[in-house]
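What follows is a single structure, written as structure tokens, with notes after it.
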DNA sequence: TATATATACTTGTATTATACAACTAGATTG
DNA sequence: CAATCTAGTTGTATAATACAAGTATATATA
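Chains as they are written, first to last, in my numbering: chain A, 23 to 162; chain B, 23 to 162.
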């Protein structure tokens, strides 16, 4: 169970290393990872509140509350009242938020283009597909 | 470039999400991710110093210095003088360190076994191989 | 060989991301 | 309508990290 047959062990290890490497690579573009993912989510989902974002990323509500407050302070998102719930707000990306999101996304993609420049299209497709599947699997 | 043809964009996004999910999943077993990777590295490389570990993980030397000091305080590693360099130490896993490493590795593997329980062996192999390749690619 | 420079740490300080607990205000339910 | 639930905020604590300054040892150079 500790030889090359131990595929589970390999995956476990490589994911841990990938996390380490990706974190060590630091921020690319003007947004940090949290801000980037949050803005991406708002871009995809349209205006949502803190709770929905916290659920999506499995973060504590308080964490996301601070992150969205920081984004608001920087003018990257706008807080709208939720007409259906007076306790909650809805966050919407501002023009400047979209600008920085686009810029950061491009920078990140450039990094991966460079990283994967020698990979075949076939292997890229496989990796993308399997990562997507793994991430979906994570959602228990 | 923003359709399904954008494989690079997909990979970039899925890696970011995987990092988020893996971090959110929290610690498994008795060791945190840093301690786990550090002990694994010591297990593989044999006794090495702070610098080598910091290089391996692209962390600041000061960060690794504190991490190894913490491991030493917990009795998971032992500090040996480096006979070839009076400035440096070499760290070696203790028996208790090996015990906790094994325990944590097993716990982590169990988690992935569960996660990947419906995957074909073929897909697992592909994922493991592609992740390993991606990580090697990260080493510029 | 003596001195200057480089290296491997260690420690002080600051920042950031996170969680949990206590609280507030608004929503839902019996 | 009172009791309870829920969304969010804010206070506090912790952990992981980096950078800067300092120490001790090693290496290179004059």
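Cβ atoms here follow ideal geometry from the backbone N, Cα and C, with glycine treated the same way.
Just so we're clear, the structure is a prediction, and the values are computed from it rather than from any experiment.
For residue i, the residue or residues it bridges with in DSSP
{"i": "residue 102 of chain B", "result": "B/112"}
{"i": "residue 70 of chain B", "result": "B/113"}
Other residues of its chain near residue i: CB distance less than 8 angstroms, five sequence neighbours each side excluded
{"i": "residue 94 of chain A", "result": "100, 101 and 113"}
{"i": "residue 110 of chain B", "result": "71, 72, 73 and 104"}
{"i": "residue 82 of chain B", "result": "76"}
{"i": "residue 65 of chain A", "result": "115, 120 and 123"}
{"i": "residue 69 of chain B", "result": "102, 112, 113 and 114"}
Supposed contact pair residue j and residue i - C-beta distance, whole angstroms, cut 8 angstroms
{"i": "residue 156 of chain A", "j": "residue 146 of chain A", "result": "With a Cβ gap of about 16 angstroms, residue 156 of chain A and residue 146 of chain A do not count as contacting."}
{"i": "residue 67 of chain B", "j": "residue 98 of chain B", "result": "With 8 angstroms as the limit, residue 67 of chain B and residue 98 of chain B do not qualify as a contact, their Cβ atoms being about 16 angstroms apart."}
{"i": "residue 149 of chain B", "j": "residue 152 of chain A", "result": "4 angstroms"}
{"i": "residue 43 of chain B", "j": "residue 160 of chain A", "result": "5 angstroms"}
{"i": "residue 78 of chain B", "j": "residue 89 of chain B", "result": "Not confirmed; about 12 angstroms, so no contact."}
{"i": "residue 46 of chain B", "j": "residue 59 of chain A", "result": "Incorrect: roughly 11 angstroms between the Cβ atoms, too far for contact."}
{"i": "residue 126 of chain B", "j": "residue 52 of chain B", "result": "6 angstroms"}
{"i": "residue 41 of chain A", "j": "residue 86 of chain B", "result": "Contact flag wrong, Cβ pair sits at about 17 angstroms."}
{"i": "residue 135 of chain A", "j": "residue 30 of chain B", "result": "5 angstroms"}
8 angstroms Cβ cutoff, residue i in contact with chain A
{"i": "residue 96 of chain B", "result": "no"}
{"i": "residue 145 of chain B", "result": "yes"}
CB contact check: residue i to chain B, cutoff 8 angstroms
{"i": "residue 142 of chain A", "result": "no"}
{"i": "residue 149 of chain A", "result": "yes"}
{"i": "residue 60 of chain A", "result": "no"}
Own chain, CB closer than 6 angstroms to residue i, minus 5 neighbours either side, in chain order
{"i": "residue 9 of chain B", "result": "Absent from the structure is residue 9 of chain B, since the part of chain B shown begins at 23 and ends at 162."}
{"i": "residue 124 of chain A", "result": "none"}
Residues near residue i in its chain [Cβ-Cβ closer than 7 angstroms; skip 5 each side]
{"i": "residue 154 of chain A", "result": "none"}
{"i": "residue 118 of chain A", "result": "97 and 98"}
{"i": "residue 25 of chain B", "result": "With a pLDDT of 42 at residue 25 of chain B, under the threshold of 50, the modelled position of that residue is not reliable, and the figure given next carries that caveat. Contacts found: none."}
{"i": "residue 143 of chain B", "result": "none"}
Requested in this report: Please list the residues of the region 64–94 of chain B that have a C-beta atom closer than 7 angstroms to any C-beta atom in chain A, keeping them in chain order.
Outcome: 79, 80 and 81
Report task. Can you give me, in chain order, the residues of the region 98–129 of chain A that have a beta carbon less than 7 angstroms from any beta carbon in chain B? Result -> none
Report task. Check each residue of the region 23–56 of chain A: if its Cβ is closer than 7 angstroms to any Cβ of chain B, include it; give the result in chain order. Result -> 29, 30, 31, 32, 33, 34, 36, 37, 38, 39, 40, 41, 42, 43, 44, 45, 46 and 55
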